[in-house]
Each structure stands twice: as structure tokens, then as C-alpha cells.
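Working notes, structure below.
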Amino acid sequence: MAAPPPDPLLAALRQELDRASERALAGAHLDADTLARLEALARLVELRASAAARPRRRRWPLAVALVVTMLLVSILVFARVGETAVELDVVVSEAAFAMARSQVLVEGVPLVALGASGLEAVELPAAAGSPRLLTRHVGAVRLAVDGAGDDSGRISLAPITLGSSSRVRLRRLGRGRYSLELAAADLELQADVSGTVRVGWPETPPGPREFGTPRSIRLIAGPDAVALYLTVPAAEPVSFASQLRVSELSFARIEEHDHAEMTLLRRLSTILSGTLYQDSLNGKVYPLRAGESLSFASVDGVIRALQLQDDRIALQFHGRVRGMCSLAGAYCRSLMPSYLEWIQARHGLGLFWGATLYLFGLCAGLMRWWGGPV
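Counted from 1, the sequence shown has number 277 at position 278 by numbering that gives the first Met the number 0; the numbering is strictly sequential.
Spelled out as C-alpha cells, the structure:
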């Protein structure tokens, strides 16, 4: 291996040192110029050695710091939490939900008229001049009060208890009229009647039946869902059972349009108005506009209140949800909080100090990398 070429600056320094050493040993006086020249040469040699020994700066630490910072900021701003607590207060024209456990849906509802379809059988109790009647495979029946004032008949839907995973859909049909669809196993309903009540069957005009004492009409469901058509008294709100634990919740309906040789399906929102409170963000308020679509991937909570009033359905829900978004066509705009929003609301002080320390460390590292004082 060839030896490196001699350093002329170092050689000059050695020559000057040898001359100065010989003169000093001979007893000669070293003048100031000689000493200054030696000191300058020594300083030059030292600076040159220092410059040659300094390693070349690596650029990858700066790139890594930039990428890590951008990645952290992107996660905090754009990534969404998997689950959040919400409170929902809405007025809708239609709502659907699934029971999370066996519970009472409604305690009892006074009605002006009651229709039912999807029945396997109907059992009518004996009435004045009419014997007990059990009809099978009837499919549907309609009951309506007869008369007015104190002399009118009475109809009341008895309490309904549904099992776990039972599905409920409540829809407004018109002024004072609603439909209640129930999909549950082994469902049997009951309507309590008294006085004069008109009873109608499919393709048969309704006829009056006189119940001198309160009696019960049994409605036995068929294998498919049962639809109840409720006509409630005017200006009288109807409340369902409170604290209904649900595992699904929907405010949408599917509209079908027959076009040429195909059927077009369109998902429509049933929200008329409402407010969404994000409890995980210290109660942040998100107003819901009429027709705004709101959907959930999963739900675990309770319907605190469900009421029929002023030809509308009012619902209050509280619980934890996943995949909450507002649909606009095929695009789903997530309403789930970002990690930055969640941390700011729950750990604001920790976020402040963490961001401060990170920025301080980043700046100190950059200054050290550039060779400046820290």
C-alpha cells in the first residue's frame, strides 16, 4: 500500500522547529518574529487536522425526524377513535332498532283504531249476541271504536314484551297514524276492548261487537313480521317504555323505483331535526339538519325516551357507537372524533406538555446536528 504524500505544512513546521531548537541549544536568543511564525504554523497544522478529522454530516437523521413528525401529526389529525360515547336527541318520521335483551317495549297504548297484518290467528272473546270466535290463517284484522264521547268503545294495546334480537320499526303514516312492525319469535299480542268496537276482516265490511265488560282479543303472529297500524287519540302523546337497551339503531328507509327492467333502490334519511352530543368531547354539539343521513356501524346503548307526539316520533338515545358517519350519496363523512380531538378533550394538559417536550427535543436535536450550541 503506497504511503500518503508528505504534508508540506507539517514539514515546514518541523524545519522551523529544528532551526529554533538548534539556535536555542547554541545559546542564541529567539526573537519574537520566530516565535510568532512557529505559533502560526502550529495553529495552521492544528486547524487543518481538525478540519480533516470532522466527519461529514449525515442527512438521514433530518429526513427521519421530518417523516416521524408528519406521521404523528397525520395520525392525530386524520385517524379516528374506534368507539365514542354520544347522546342523541332527534325527531324523525321513521326509526328502527334491535333489542339487546328481553324487555317490555310498550306498557299499554290507548287507541282509536288498531289494524294488524301478518297474523296466523285471531281469537275474539264472546260478546253480547256473539259467541267466542277463533279464526286461523286470517292474515289481518282491524278494530275501531264505535260511537263518540262517553258512550264510545275502548281499545288499548296491551303491554308488549320482546326477546333479545327482536327488531322494531316505527313509522309515521299520517295525522295521528303510525305503523309498528315487529319481527320476533313466538310473538303473541293482545288488545283490550270494552264497549262497542267495530271488527273488520279482509274483504269483509266491519261489524259492531258489544263488549259489556272489558275483554281481550288475542293476535297470534305468523312466521313473518307483524305490522300494527295504530291510530292514536288527537293531542294525546304516546310514550313507549324507557331505558330500552338496543344493539342496532337506524334512521333511514329504502325507497324503491321501478325503471324499465330494473328496480332502483334509494336510501333516504328520516331525520326531521335533532342534535348530536359527543360526550367523549366534553359534550360537543353537532346539529342535525332535516334529511341529513346518520348511520352507525354498531350501537350499544339505551333509548331513554321514545314518544309519539304532534304527528312525529321523538327519540332520545345514549350509548357508545362505532363507525358513526353522515352519508352524502356514496360518500360517508366520519363523525367519529379524531385522536387529536379525543386527547385534547380528555388529556388536554398532557397533550400540551407532551407537544412542548417533543418540539423542544426536536429543536435541540436539529441544533446539535447543525453543530450549534444547545
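Beta carbons are placed, not taken as given, at the ideal position from N, Cα and C, and that holds for glycine. If you're wondering where the values come from, they're calculated on a predicted model, not measured in any experiment.
Contacting residues, own chain, Cβ-Cβ under 8 Å from residue i (five flanking each side not counted)
| i | result |
| --- | --- |
| R79 | S333, M335, P336, S337 and Y338 |
| L361 | A64 and T68 |
Proximity of residue i and residue j at Cβ, strictly below 8 Å
| i | j | result |
| --- | --- | --- |
| E106 | A304 | no |
| L307 | V192 | no |
| R214 | P207 | no |
| S164 | L227 | no |
| V225 | G300 | no |
| A97 | R166 | yes |
| I154 | A95 | no |
| V85 | Q343 | no |
Straight-line Cα distance separating residue j from residue i
| i | j | result |
| --- | --- | --- |
| L271 | S249 | 14 Å |
| A157 | S238 | 13 Å |
| L218 | A126 | 17 Å |
| S279 | T269 | 26 Å |
| D185 | F295 | 29 Å |
| I159 | V108 | 10 Å |
| S151 | L87 | 40 Å |
| I216 | G162 | 22 Å |
| E374 | L188 | Because the chain here runs from 0 to 373, residue 374 falls outside it and cannot be looked at. |
| E21 | L43 | 23 Å |
| L172 | E93 | 9 Å |
| E247 | Q102 | 15 Å |
| L374 | P236 | Any property of residue 374 remains undetermined from this structure, which presents the chain solely from 0 to 373. |
| D145 | V111 | 9 Å |
| E340 | A62 | 28 Å |
| D17 | D32 | 16 Å |
| F77 | C331 | 15 Å |
| T212 | P124 | 11 Å |
| A354 | L229 | 59 Å |
| E122 | Q315 | 36 Å |
Proximity winner among the options, relative to residue i (alpha-carbon distances)
| i | options | result |
| --- | --- | --- |
| T195 | L142, L156, E187 and R174 | L142 |
| H317 | C324, S292 and T274 | T274 |
| A234 | R176, G360, A23 and V137 | R176 |
| R100 | I302, E209, A94 and L287 | I302 |
| R135 | A27, W200, A62 and A354 | W200 |
| A182 | G173, Q189 and L169 | L169 |
| Y357 | D32, L71 and V85 | L71 |
| E374 | E45, S92 and G221 | No information on residue 374 is available, as it lies outside the stretch 0 to 373 that the chain covers here. |
| P205 | R174, T212, L113 and Q189 | L113 |
| L326 | Q315, L287 and W341 | L287 |
| V91 | A251, C331, K283 and Y285 | A251 |
| E202 | A25, A139 and P236 | A139 |
| M323 | Y285, T212, V137 and E122 | Y285 |
| G117 | L123, T33, L133 and V137 | V137 |
Exposure of residue i, with buried meaning 16 or more beta-carbon neighbours within 10 Å
| i | result |
| --- | --- |
| V89 | buried |
| Q242 | exposed |
| T83 | buried |
| W352 | exposed |
| A363 | exposed |
| V374 | In this structure the chain extends from 0 to 373, so residue 374 is not present and cannot be described. |
| A39 | exposed |
| I74 | exposed |
| L293 | buried |
| L104 | buried |
| E45 | exposed |
Other residues of its chain near residue i: CB distance less than 7 Å, five sequence neighbours each side excluded
| i | result |
| --- | --- |
| R36 | E15 |
| G282 | Y276 |
Own chain residues within Cβ distance below 6 Å of residue i, not counting five before or after
| i | result |
| --- | --- |
| S297 | R321 |
| R443 | Because residue 443 is not part of the residues shown, which for the chain are 0 to 373, the question remains open. |
| L263 | H256 |
| G290 | S268 |
| D310 | R174 |
| A313 | V90 and Q306 |
| E180 | R168, A224 and A226 |
| A27 | none |
Closer than 8 Å to chain D by CB, residue i
| i | result |
| --- | --- |
| I312 | Any reference to chain D falls outside this structure, which holds one protein chain only. |
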